[in-house]
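Using the working numbering, you'd call the opening residue of the sequence shown number 201 and step up by one each time. Ideal Cβ placement from N, Cα and C applies to all residues, glycine included.
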Amino acid sequence: MDGFGSEDGDRIVWLRGGATALALSCAKGRRPRILYCGVDIDGLEAHDIALLQTRQHVHGGPARPIEPTLLNESGVGLAGGPGLLAHRQGRDWAIDLRVVSLEADSGSATLVTRDKAAGVEVRHGFAIDSASGVLTAWSEVSNLDAGALAVEWCAALCLPLDDRLTDILGFTGRWAGEFAMEHVASFTGSYLRENRAGRTSHDCYPGLYLLEPGATEERGLCAAVHLGWSGNSRLRVDRLADGSASVQSGELLLPGEIVLASGEVYRTPDLHAVWSDEGASDVTRRLHRFVLESILDRRTEARPRKVTYNTWEAVYFDHSEAKLLDLAERAASVGAERFVLDDGWFGGRRSDAAGLGDWTVSANVYPDGLARVANHVRSLGMKFGIWFEPEMVNPDSDLFRAHPDWVFETGGAEPIASRNQLTLDLTKPELGEYLFARLDAIVRELGVAYIKWDMNRDTHHPVSAGRAAMHGQTRALYQLIDRLRAAHPELEIESCSSGGARADYGILRRTDRIWTSDNNDARDRQAIQRGANHFLPLSVTGSHVGPAKCHITGRVLPMELRAATAIMGHMGIEADLSLETEGDLAILSAATALYKQHRALIHGGDYRRLDAHAAYNAIAIVAAERGEAIVSCAQVEALRESHPPRLRIAGLHPARRYRLRQVWPQRDVSLTAPSIVTEADLLGKGAQFSGAALAELGLRLPLTYPDTCLIFHLEAAT
201 MDGFGSEDGD RIVWLRGGAT ALALSCAKGR RPRILYCGVD IDGLEAHDIA LLQTRQHVHG
261 GPARPIEPTL LNESGVGLAG GPGLLAHRQG RDWAIDLRVV SLEADSGSAT LVTRDKAAGV
321 EVRHGFAIDS ASGVLTAWSE VSNLDAGALA VEWCAALCLP LDDRLTDILG FTGRWAGEFA
381 MEHVASFTGS YLRENRAGRT SHDCYPGLYL LEPGATEERG LCAAVHLGWS GNSRLRVDRL
441 ADGSASVQSG ELLLPGEIVL ASGEVYRTPD LHAVWSDEGA SDVTRRLHRF VLESILDRRT
501 EARPRKVTYN TWEAVYFDHS EAKLLDLAER AASVGAERFV LDDGWFGGRR SDAAGLGDWT
561 VSANVYPDGL ARVANHVRSL GMKFGIWFEP EMVNPDSDLF RAHPDWVFET GGAEPIASRN
621 QLTLDLTKPE LGEYLFARLD AIVRELGVAY IKWDMNRDTH HPVSAGRAAM HGQTRALYQL
681 IDRLRAAHPE LEIESCSSGG ARADYGILRR TDRIWTSDNN DARDRQAIQR GANHFLPLSV
741 TGSHVGPAKC HITGRVLPME LRAATAIMGH MGIEADLSLE TEGDLAILSA ATALYKQHRA
801 LIHGGDYRRL DAHAAYNAIA IVAAERGEAI VSCAQVEALR ESHPPRLRIA GLHPARRYRL
861 RQVWPQRDVS LTAPSIVTEA DLLGKGAQFS GAALAELGLR LPLTYPDTCL IFHLEAAT
């Protein structure tokens, strides 16, 4: 049902693609509104929508029901939060936008609206991705008059919600506990998340899922929205007394941050939305497809995701050339394909209190430079990567002593100390030139193939030349990364922000990987990765094998769990391999080999969260043609029941038979006998089952200890 059409009279424009439909009412001179958005419905026509959604006057209300518009601007009079707030020193704030013109094709539309009296024009952009069905929307505000126009808030879109989508799945968390999920049941009022961290943040992720009550991973109406922006943000759901509901999101603007002179324009970040009537996992798969095909840089997305060794938890700030040369050899011996030198290689950086901003190799630690380390890494068959934190500076640094004026002001507020560092003001062109020159020189001189780009503190007072500047800062960050990528087209970049505090589609347009969390505790990581993968494909979520004892939680976990957890993402290693036992090194080598064997499937297949017992985190990745699948099932809690539950594997072809084998751990971990592992010879030739039987009857899991992760491989026999 892809295509574009129009209907006379009210001027209805349809956008369709990927089983998503959007109907816009946009008659010239009238207020625009969305008649329908969601899962495409066979035979759906505008006349049907208008008639079926007829509303009438209610006592105590306006003479005629107020219809929502694209931004529910202040002049419309709709209850709930307006999507556009702008004024001229307190005047011209009751904005009422009317349609001026329309441009549209088969999958996109640009609608121009104007309030002539207020001197405000807004361009509204819409596009539906034909493969995934993801809708992308944005708004662009222009000042048409001579006086300045202050824009206090502009959502990308006020998106009306299906009245069945009453429940919210929100995403919050903290450092080392990112992507925690919270379920909010049906309510009347507002759900509001405001992020002022100056980055995507740990606690206010700019995305949510909307669910009908009782929806599961495989069944029910669900939707998701995500704001592709790496700075401050606002996400709001309003459910009004009349039963109508909408969601809006955009950049949270600080006071006076956007003041448009005559002819100037402000454009919102992109809002992405998608729907499915086949459960939450189908929404996830659609988002994953959109990221892989429409967000990520195809130059690097097409490459296999290399096993990455990162030095941080092995050496911290205690650098030495001899130690790194030894670690490189050990990393290569267990299957690493990339070696990343983390914080501590530059200037006077012997702790987090000094040296940040001085992007030259430390002469004290590396008197002969880093070329020997980089060349040794490459001689072992690995790519060489390095850590930067370009947006920050230590007061104890040569850069700050030379340019104290390059950091953000506080606007008279008391500075907030954080990690011994200050935020640099990237809106200063001379600073941008300095940073590009230093990063470019290191990349060229050392043959760097990969950058871990970090940002380790919130920015509380982004003041430049006396004005709020977080919008400009975020744009300047994008420009710096874009410039570096243009100069080094083969360079890969990882977005890290004290873990997963910058993990949005805006940054993913410029980077290749997200560092999901600083927490490498495999038990915690099972939950963190499950949350993150609601929006982020496995191929971009960095997941590392940490030390046996996690430095954040203090837990000691077996190598088999640490490795299994890392396999189900973009696998890496972040442990001092000289301290691991020979037995654990052998297990790690087997794990990297298993990852390499199946990474095309893990990163290219269709992702499904399995509806499993609460003690388990279970996911499946099924090949597009359904000839192969890999299933990870981690027991993260002790069972109350005496026998393990069944694991029902969704996504297989019901009529095909699959050979099921256990590929991890590579031994029987059943606590009692007999178990399905021995009875079905899962560690040997395996056994065949129909896809229908595995989905409906399910696999009775073996009885194991908590902190055990089983990985099964299924291959179609017929």
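Check, Outcome
"With 16 other Cβ atoms within 10 Å as the buried cut-off, status of Gly209", "Its pLDDT being 49, under 50, Gly209 is placed unreliably by the model, and the measurement read from it follows with that caveat. So Gly209 ends up on the exposed side."
"Segment contact flag, the segment 661–681 with the segment 624–631, C-beta cutoff 8 Å, min 3 pairs", "yes"
"Close-in-space but distant-in-sequence residues of the same chain around Lys749 (CB under 6 Å, 5 per side omitted)", "Val756"
"Endpoints, beta strand (DSSP E) assigned at Gln679", "Here Gln679 belongs to no beta strand (DSSP E); instead the alpha helix (DSSP H) covers 670–687."
"Rounded C-alpha distance that separates Arg485 from Asn432", "27 Å"
"Touching by the beta-carbon criterion (3+ pairs, under 8 Å), the segment 585–593 and the segment 533–543", "yes"
"Per-residue DSSP class, three states only, for Phe204", "The predicted model places Phe204 with a pLDDT of 36, which falls under 50 and marks its position as unreliable; any figure quoted below should be read in that light. Phe204 falls in the strand class under three-state DSSP."
"Exposure of Phe608, with buried meaning 16 or more beta-carbon neighbours within 10 Å", "buried"
"Extent of the continuous beta strand (DSSP E) run through Gln862", "857–864"
"Distance, Ser342 Cα to Ala563 Cα", "52 Å"
"Exposed unless 16 or more other CB atoms sit within 10 angstroms - verdict on Glu469", "It should be noted that the sequence gives Pro, not Glu, for residue 469. Burial call: buried."
"Proximity winner among Arg601, Leu738, Lys316, relative to Leu297 (alpha-carbon distances)", "Lys316"
"Which of helix, strand or coil DSSP assigns to Val573", "helix"
"Simplified DSSP state of Gly456, which is helix, strand or coil", "coil"
"Exposed unless 16 or more other CB atoms sit within 10 angstroms - verdict on Glu417", "buried"
"Top-ranked residue by Cα proximity to Val491, from Gln797, Tyr905, Val740, Leu839", "Val740"
"Same chain, Cβ closer than 6 Å to Ala829, five either side skipped, listed in chain order", "Ala820, Val822, Leu914"
"Exposure label - Phe889; buried when at least 16 CB within 10 Å", "buried"
"Euclidean distance between Cα positions of Pro504 and Ala800", "7 Å"
"Alpha-carbon to alpha-carbon, Arg723 and Gly754", "12 Å"
"Nonlocal neighbours in the same chain, by C-beta distance under 6 Å from Gly886, ignoring five residues either side", "Arg859, Leu860, Arg861"
"Supposed close pair Val213, Val334 - CB separation, criterion 8 Å", "With a Cβ gap of about 19 Å, Val213 and Val334 do not count as contacting."
"Ala602, DSSP secondary structure in three states", "helix"
"Paired residues, beta bridge with Gly585 - DSSP", "Val540, Tyr650"
"Three or more C-beta pairs below 8 Å linking the segment 379–392 and the segment 727–745", "yes"
"Residue range of the unbroken alpha helix (DSSP H) whose run includes Val341", "Not the alpha helix (DSSP H): Val341 falls in the beta strand (DSSP E), residues 335–343."
"Buried or exposed by the 16-neighbour rule on C-beta atoms within 10 Å, applied to Pro268", "buried"
"Beta-carbon proximity check, Glu690 vs Ala649, cutoff 8 Å", "yes"
"Beta-carbon proximity of Arg578 to Leu777, cut-off 8 Å", "no"
"Coil, strand or helix - Asp806 by DSSP", "strand"
"Cβ contact (3+ pairs, closer than 8 Å) linking the segment 406–424 and the segment 793–812", "yes"
"Helix, strand or coil at Met759 according to DSSP, with G and I counted as helix", "helix"
"Sequence-distant residues of the same chain with beta carbon closer than 7 Å to Gly229, five excluded per side", "Arg298, Val299"
"Alpha helix (DSSP H) runs wholly inside the segment 236–272, at least 4 long, in chain order", "246–252"
"Start-to-end residues for the alpha helix (DSSP H) that takes in Ala732", "722–732"
"Three-way DSSP call (helix, strand, coil) for Gly431 in this model", "coil"
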